[in-house]
Amino acid sequence: MTRFAKHPFIRFLHLQSEQIRLMATWGFVLGLLLLLTMIALAVFILYTAASNMQPWAIAHLYRALFGLGIVVFILLVPLETWLKAAYWLYGCNILLLVLIPFFGSSNMGAQRWFTFGSLSLQPSEPMKIFIILALARYFHLLHPKEVFSLPYLIAPVAIIAVPFVLIMRQPDLGTSLMILFVGIMVFFLIGVRWQKFASLIGILIVSAPLVWNFLLHEFQRQRITSFLNPEKDLLGAGYQLMQSKIAIGSGGLWGNGMLQGTQNLLGFIPAKHTDFIFSLHAEQFGFWGSMVILLLLLVLMLYCILTASVMRSTFARLMVLSIGSLWVIQSIVNLAMVMGLLPVVGIPLPFLSYGGTSLWTSMAAFGLILNAYIHQYNSLRNG
Amino acid sequence: MPLDHEQQGRTINRRGLIVLGGTAVGLSVLGARLFHLQITEGRHYRTEAKRNQTDFEVLLPKRGAILDARGYKIADSIAEYDLVLLEEFNDLETARLEETLKQLNLDPETESLFTDRILSRHQRPLPMLRNISSEQLERLEFHRPKLPKFSIRQQVRRQYYHPSYTPITGYVGRADKADRAKTPHALLEEFRVGKAGIEAQYEEALQGKVGKQSLKVDVHGKRLQEIERTNSQAGANIQLHLHGDLQKYAMQRIAEHRSATAVVLDAFSGGVVALASHPFYDANEFKKSLSQKAWKALQEDPLKPLVNKAISGLYAPGSTFKPIVALAALRAGIQPETRHFCGGHVTVGNARFHCWKKHGHGHMDMHQAIAQSCDVWFYQTARQIGIEAIAEMARTLGLGNKSGLDLDNEKAGLVPDTAWKKQKFNEPFYPGEVMIHGIGQGFLLTTPLQLARAYASIINGGILPTPALGHRLQYDKENLNIQTAPARQVNIPRSHFRIVRDALIDAVNVPSGTAWRSRIGEDWGFDMAGKTGTTQVRRISRSERAAGIRKEDIDWHLRDHALFTGFAPVHDPRYVVAVLVEHGVSGGRSAAPIARDLFYRMAQIGMIASSSLTADKA
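Pasting the structure below:
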């Protein structure tokens, strides 16, 4: 009993300062509401995608329920434990990525999945979270002054580079770019100076031809060229993009109405329940419906900023903000992609796209944010 | 140390705000893009979406049928069933190809054709078998589940019920450039336009109006539902003056000769009751794509099966022209009692003009000269009245001009006069030339139809009818009589016609007449009248004439053409028949019997009143 009473969750309910307790409680409740809203929205859009709960909406709902189990598990484990486990988790995930070429199942020329019966897992998804945890741990334990000296940045660069290259070789350009981005984001948040980013961009520009020639697969190069010249490839990726644009555009101001999207109903939207889920939403609910999604993203980011501001540890701050920016950048890239602003690189829309690993990763990340509320006054506290 | 961490915390929070700013910027860009796509360009994408899901199909109208005078169909559009291949075979199906083909039970030749087509990269759907028999259809339906990529497709095709109708109906074919200019949907694979005959002449009426159907389709082109439909409007049926049975009989009868033609004309309405030309192609053969070789053979055939000789064949009218010369003479004031002596020939200058009767007819008046076809009488008369009088009468009776029949490729023929001779040869008409024009030779060129038309005006009291095949168009709700150019009243006294008509009656019904052998027997209850004609294809030399060469001994292609133009029944004339047998030797021998047989048949089928007893006997 006493042991249970000492649990951080119970302590969270007995915070000394009324003001902080109120804020933390509301933050936690608001977060939970946000999470549930995202799930409900996803189930709803997937329902409209098939005009039926089958096959996607119902599966997504079950997965979300399982995901809530993951969230509860994450909440029960103290943040300190997550910090300690960060490298292990990261290491195990790297191992999985290494093993994929030997045991993974391949689909359309890409090896990204482990298949267990009907369940298939994509190890590159959780890597997005584990890389955040690993980097956050690294910088949490680093003296704030050491952040500004270059030698201390070699290790975190390696932490980013290893999964980046592994995932790029699967090949999965989208996810590997997300890994790279989230790594850079952590560097940015911790306060690495602007000049370093400027030189990094310089290096990237110089190395771009090397990446193009040696790291990218033929079909990835094709996607990029087809994005740059959509007329050239009207039946392949260019066709997908065209149909997606038609779906979004035909939504107009108010949309065609729920279950009235002809592009969706007649099968013109490619991968409509995964990467192109936004297209069918925009087709049905128009400009205003789309604005709701954009607004939700902004709220999500705002929530992460507010959360970070009440945190008392570098680890929690970095983690929360990195997760928030990961969602936002993933969403922006996905939306820009379906709107024809970026090449089609295969990045799902967090929470909304159909896909178990992606959903669980996003929910687990949310669990970590909520966890930070509960466990913010533990030994991790450093600022 | 806590101070450092506090500072670091502030840095992180500050940079978090920068990220928030970046997020806001990114989302604004997306918002702007959405505004552009959905609001600025919304209408465009809405049309695109609509176009995506809509498929248009042109609904082809049923082409109108062609009916004979009694309403029997001689051509119609009927549904045929084709086997088509809808999609590419996959690897597994290709591997099983042999087995699949076995189920179709094809002959070896078709089977190899099938294999080629299935493996070919031609665009799908690909036609495999045309016009499947009902037996085949049944078998295919039975195997249907095992043949998922095949489909039976209904196609409407033109059917001509007898090859005898081809000289009239013509045929339909795929649209060429000129047709496409007229009808835009002519581009469609299955669309057919009239290429010759009635099919071409009445294309507009027969064609009907196309309909349009817009369909909702999914991404695979699968049809989900009909959005809008404008039904096609079937083409009008056209009823002809043609009598189907008589036409068939005429084609069959003239086929006894190598090359011949016959026209039966209603002297009062101008309706063409039969129009036969032999040899002739079969329009049903033209439906299939005719091989280059077969087409070439048709084109190069010396008997010209592609030419309708009744309207496009130009021949010297020969003695059938004599009644017209007689009318010209009467108009010129020559009395019918005018006699000329026929001693077998007449000499003008140092040229000798022969009568067909070697030893001459003796003294002849106009009546006798027509009935017995005395050449000398007409030589003399022609010399008296001159070429202008003859030409004017010929033109009055419609020679030298297209008759206006509603069929393509009609020829105008040639009626020469002084002006023509002057223009063509820069020479005057010599008296000798005028004389041979008096017996229908020389430069004169007429079609059998023109002769029939001229004779029609002789028997109907001077009305030159416009020959017509089309009688009326039967639309959905109304019938529309086809208007032809109005018949022309010829300004010739009835007494003149009577003189000529009486002579034509005697030409057949008096033993001395040239067609006596082809008279219609007494027990039929009606008689025919008419004029034979025999036209030289080659000039007979003096030595041959002296040797008395038998005409049958000459090569076929050098023998004389045989003509007959006549009418029946004599006392209440209605129908005119013009017959021409190429190289038929003599009009009395080969052309007149055809005319007689046609009248027999007309009596049998009730077109000419006769005693039924004798009709049965025949």
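Sequence lines, in order, name chains A and B. Quick note: to get this note's numbering, add 2 to the position in the first sequence (first position is 1). Quick note: to get this note's numbering, add 541 to the position in the second sequence (first position is 1). We put the beta carbon where it would ideally sit given N, CA and C, even for glycine.
For residue i, the residue or residues it bridges with in DSSP
i, result
"B:G812", "B:A1009"
"A:W90", "The partner list for A:W90 (beta bridge, DSSP) is empty, contrary to what the question assumes."
"B:P668", "B:V625"
"B:C915", "In DSSP, B:C915 forms no bridge with anything."
"B:G1071", "B:G1107"
"B:L986", "B:L955"
"B:I607", "B:A616, B:I779"
"B:Y1116", "B:D807, B:A1109"
Close beta carbons around residue i, own chain, < 7 angstroms, minus the five adjacent residues each side
i, result
"B:D1157", "Confidence at B:D1157 is low in this model, with a pLDDT of 48, below 50, so the placement of that residue should be treated as unreliable; the coordinate-derived value is given next. Around B:D1157: no qualifying Cβ."
"B:H546", "none"
"B:R880", "H904, M905, D906"
"A:L354", "L43, A44, I47, I279"
"B:W918", "H881, C883, M905, A910"
"A:G259", "Q286"
Own chain, CB closer than 6 angstroms to residue i, minus 5 neighbours either side, in chain order
i, result
"B:P704", "D823"
"A:N336", "I349, L351"
"A:M3", "With a pLDDT of 44 at A:M3, under the threshold of 50, the predicted position of this residue should be treated as unreliable, though the coordinate-derived value follows. Contacts found: none."
"B:G714", "K736"
"A:R359", "For the record, residue 359 of chain A in the displayed sequence is Thr; it is not Arg. Contacts found: L123, Q124, E127."
"A:F139", "As written in the sequence, residue 139 of chain A is Arg, which differs from the Phe given in the question. Closer than 6 angstroms at the Cβ level, and outside the excluded window around A:R139, lie L85, A88."
"B:V1122", "H798, A801, A1103, S1131, A1132"
Residue i: contacting residues in chain A (beta-carbon distance under 7 angstroms)
i, result
"B:E582", "G251"
"B:L578", "K247, I250, G251, M341"
"B:L561", "M303, L304, I307"
Residue i classed as buried or exposed, judged by whether at least 16 other C-beta atoms fall within 10 angstroms
i, result
"B:Q742", "buried"
"A:T363", "buried"
"B:R1060", "buried"
"B:K899", "exposed"
"A:I203", "exposed"
"A:N95", "buried"
"A:K274", "buried"
"A:I161", "buried"
"B:W1065", "buried"
"A:L21", "Correcting the residue type first, residue 21 of chain A is Gln in the shown sequence and not Leu. The residue is exposed, with fewer than 16 neighbouring Cβ atoms inside 10 Å."
"A:W58", "buried"
"B:V1031", "buried"
"A:S327", "buried"
"A:A158", "According to the sequence displayed, residue 158 of chain A carries Pro and not Ala. So A:P158 counts as buried."
"B:A977", "Here the sequence assigns Ile to residue 977 of chain B, which means Ala is not the residue at that position. Result: buried."
"A:N54", "exposed"
Neighbour list for residue i in chain B, Cβ cutoff strictly below 8 angstroms
i, result
"A:M293", "G572, L575"
"A:Y299", "Checking the sequence, you will find Leu at residue 299 of chain A rather than Tyr. Correct list: T564, L568."
"A:R319", "G550, I553, N554, G557"
"A:V312", "Near A:V312 there are no residues of chain B at all, since even the closest Cβ is about 10 angstroms away, more than 8 angstroms."
"A:L255", "Q579, I580, G583"
Within chain A, the residues that residue i reaches when beta carbons sit closer than 8 angstroms
i, result
"B:N593", "Q245, I248, T264, Q265, L268, F270"
Own chain, CB closer than 8 angstroms to residue i, minus 5 neighbours either side, in chain order
i, result
"B:T771", "L600, G752, K753, Q754"
"A:A66", "I41, A44, V45, L361, M365"
Partner residues on chain B for residue i, Cβ-Cβ distance less than 9 angstroms
i, result
"A:I203", "The contacting residues do not exist; A:I203 stays about 15 angstroms from chain B at best."
Residue i: contacting residues in chain B (beta-carbon distance under 7 angstroms)
i, result
"A:P352", "Simply none; closest approach about 13 angstroms."
Within chain C, partners of residue i - CB distance below 7 angstroms
i, result
"A:L101", "This model lacks chain C altogether, as its protein chains are A and B."
Determine contact between the stretch 806–814 of chain B and the stretch 638–652 of chain B, defined as no fewer than three beta-carbon pairs at a distance below 8 angstroms. no
Can we say the stretch 999–1013 of chain B touches the stretch 1032–1041 of chain B, given the rule of at least three CB pairs closer than 8 angstroms? yes
Quick check: the stretch 615–623 of chain B against the stretch 692–712 of chain B, are there 3 or more CB pairs under 8 angstroms? yes
Counting pairs of Cβ atoms below 8 angstroms between the stretch 843–861 of chain B and the stretch 976–993 of chain B, do you hit three or more? yes
Does the stretch 260–274 of chain A come close enough to the stretch 34–44 of chain A that 3 or more CB-CB pairs lie under 8 angstroms? Touching, no.
Taking contact to mean 3 or more Cβ pairs, one atom from each stretch, closer than 8 angstroms, check whether the stretch 598–609 of chain B and the stretch 744–754 of chain B are in contact. yes
Evaluate the contact criterion for the stretch 1047–1058 of chain B versus the stretch 1119–1138 of chain B: three or more CB pairs, one atom per stretch, below 8 angstroms. yes
Looking at C-beta atoms only, is the number of pairs between the stretch 874–889 of chain B and the stretch 979–986 of chain B that lie closer than 8 angstroms three or more? Too few Cβ pairs lie closer than 8 angstroms, so no.
Across the stretch 1043–1052 of chain B and the stretch 1101–1119 of chain B, are there enough close Cβ pairs to call them in contact, namely three or more that are closer than 8 angstroms? yes
The stretch 243–253 of chain A / the stretch 295–304 of chain A touching (three or more Cβ pairs under 8 angstroms): no
Evaluate the contact criterion for the stretch 315–322 of chain A versus the stretch 571–590 of chain B: three or more CB pairs, one atom per stretch, below 8 angstroms. no
Are the stretch 1006–1018 of chain B and the stretch 777–795 of chain B touching, with three or more C-beta to C-beta distances below 8 angstroms? Yes, the stretch 1006–1018 of chain B touches the stretch 777–795 of chain B.
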